[in-house]
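Everything below concerns the one structure shown next.
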Amino acid sequence: MRSYPVLALALGLAAMPALAADRWQIQHPDSRLGFEATQQGGQFEGHFADYSAQMRFSADDLANSGFDVRIDMTSVDTGSGQRDNALPDKPWFHTEVFPEARYVTREIRRTDDGYEAVGDLTIRDNTHEVILPFTWQVDGDTAMMDGSVVIDRTRFGVGQGEWQDPQVAGHDVEVIVDLTLDRVAD
Amino acid sequence: MMQIRNSSSRWGAGAQLLHWLMALGIATAMGLGWVMVNLPMGALKFQLYAVHKSLGITLLALVMLRLVWRWLNTTPPLPGQLPRHERWLAHGAHRALYALMLLMPLSGYVINSAANFPLNVFGLVQIPNLTPESEALGEWASRIHLALFWGFVLVLAGHIGGALRHHFILRDDILRRMLPGRSPR
Ligand code: HEM
């Protein structure tokens, strides 16, 4: 009988609506924030080594779910010294002035295939709405998030001057989010 | 009607097509290479690079096809009255040309691979890189690519000069047997 009040408390808590969606922490060794782009018509891949995010997500509380992602643009790595030396320069990311890119969601919606995040992506101080479709699979206290979205780099002023030519470097860049996250106690 | 395969007296249509197609392609690749490296940064420079690389890879495929075709066919021998040293020179030049036709595009392919740049041949197929990314390797390949260019110029001068000498001075069939049309006398 002594456990009765505890049980009652637990039942009461479960019946109450959650105050906020679960908080999640990115497991960097098992995660990748990557992209696919083209150069002279040939495809290549890259990723950002340094990024951080505040992530809240609960499938049953999308209203209180949301992401705030900060990307260190100097950490770009495309596996090519020549490219990686050029990307931080003025015509591309201009990291001296714009060291960080940011994605802040305004809404998370359910879709037929999973979810989509409606958010504002800011690169080089250019902000545009980007809708990122993704899946979110939870296994115990671990979650896997997979998503990708194609953005037009020129809308964000990435690749200026002669680099605007799509034959030199394609305008479409596919951003690929592949994250492993751990649930964190609030 | 010319026959496709070689005979003991002349090159067939297959060998001729490969010879002249590659002659045109190599001249174009050399011209493009020379012009593009001297252009200022800009869209045109990158477009020429793309065409140069695609053409070069096509030539690499063609020379391999050509070697297979040569192996499957008889090679019309050089005329018997040719002095020994000239025969030796001609064969040497032909060997050198095959080596250059292979090494020229291969060294270019290594430049591109060492930079870890993607290579899409004429926007049709993307081919994988040959080597890991390496600045030092890229610099070496670049030096070799340029040195081979001068080697090519030298051997081609001898090759073309020899062909013209046979045609206009010695007035034999050497050039004609690599040309379509009339059978050699
Ligand atoms: C028969 C085939 C080829 C010929 C005759 C040729 C000829 C040339 C010439 C004359 C140059 C200028 C050399 C200089 O000034 O440095 C050049 C440069 C260059 N070629 Fe080629 N090339 C061929 C194939 C290729 C291939 C297949 C590739 C790449 C896949 C390639 C990539 C390059 C590059 C990147 C340069 C720039 C110069 C450098 O970085 O050293 N080439 N080529």
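As they're listed, the protein sequences go chains A and B.
Note that the first sequence covers residues 1 to 186 in the working numbering.
Note that the second sequence covers residues 1 to 185 in the working numbering.
Positions of the beta carbon are idealized from the N, C-alpha and C atoms, including for glycine.
None of these values were measured; they are calculated from a predicted model.
Going along chain B, which residues have a C-beta under 7 Å from residue 168/A?
Contacts between residue 168/A and chain B, judged by CB atoms closer than 7 Å, involve 43 and 46 in chain order.
Residues of chain B with CB closer than 8 Å to the CB of residue 42/A, please, in chain order.
Chain B residues near residue 42/A: 117, 118, 119, 120 and 126.
State yes or no: is the C-beta of residue 185/A within less than 9 Å of the C-beta of residue 39/A?
Not in contact: residue 185/A and residue 39/A (Cβ atoms no closer than 9 Å).
When you measure from the CB of residue 149/B to every non-hydrogen atom of the ligand HEM, does any distance come out below 8 Å?
Yes, the ligand HEM has a heavy atom inside 8 Å of this Cβ.
In the DSSP assignment, find the alpha helix (DSSP H) that holds residue 84/A and state where it starts and stops.
DSSP places residue 84/A in the uninterrupted alpha helix (DSSP H) bounded by 81-86.
For residue 121/A, which residues does DSSP report across the bridge?
Residue 121/A is bridged by DSSP to 103/A and 128/A.
Residues, ordered as in the chain, of the segment 71-84 of chain A that lie near chain B by beta-carbon distance below 9 Å:
Against chain B - using a Cβ distance shorter than 9 Å - the residues of the segment 71-84 of chain A are 78, 79, 80, 81, 82 and 83.
Decide if residue 173/A is buried, meaning its Cβ has at least 16 other Cβ atoms within 10 Å, or exposed.
Classification of residue 173/A: buried, given that the 10 Å Cβ count is 16 or more.
Is residue 88/B near the ligand PLP - that is, is its Cβ less than 8 Å away from at least one heavy atom of it?
By its list of ligands, the structure shown excludes the ligand PLP, since it contains just the ligand HEM.
So the candidates are 154/A, 138/A and 178/A; which of them puts its Cα closest to the Cα of residue 60/A?
Checked all of 154/A, 138/A and 178/A; the closest Cα to residue 60/A is 138/A.
8 Å contact criterion, which residue 60/B and residue 26/B should meet: CB distance rounded
Actually they are not in contact, since the Cβ atoms of residue 60/B and residue 26/B sit about 11 Å apart, beyond 8 Å.
7 Å CB neighbourhood of residue 178/B in its chain, flanking five on each side removed:
Beyond the five residues adjoining it in sequence on each side, residue 178/B comes within less than 7 Å, by CB distance, of 11, 16 and 19 in the same chain, given in chain order.
If you measure from the beta carbon of residue 109/B to each beta carbon in chain A, is any gap under 9 Å?
Output row for residue 109/B: interface = no.
Could you check if residue 85/B is buried or exposed, using at least 16 other CB atoms within 10 Å of its CB as the buried criterion?
Exposed, by the Cβ-count rule.
Taking its Cβ as the centre, do 16 or more other Cβ atoms sit within 10 Å of residue 37/A, making it buried, or is it exposed?
The residue in question, residue 37/A, is buried, as its Cβ has 16 or more Cβ neighbours within 10 Å.
Closer than 8 Å, Cβ to Cβ, to anything on chain B: give me those residues from the segment 147-168 of chain A, in chain order.
Of all residues in the segment 147-168 of chain A, 162, 165, 167 and 168 have a Cβ within less than 8 Å of some Cβ in chain B.
Residue 26/A - partner residues in DSSP beta bridges:
Paired residue(s): 181/A.
Residues of the segment 16-29 of chain B with Cβ closer than 7 Å to any Cβ of chain A, in chain order:
If the cut-off is 7 Å between Cβ atoms, the segment 16-29 of chain B has nothing near chain A.
Report all residues from its chain with a CB closer than 6 Å to the CB of residue 49/A; omit the five preceding and five following residues, and keep chain order.
Cβ neighbours of residue 49/A beyond the five flanking positions: 75 and 77.
Would the C-beta of residue 53/B count as close to the ligand HEM, meaning under 8 Å from any of its heavy atoms?
Set against 8 Å, the gap from the CB of residue 53/B to the closest heavy atom of the ligand HEM is smaller.
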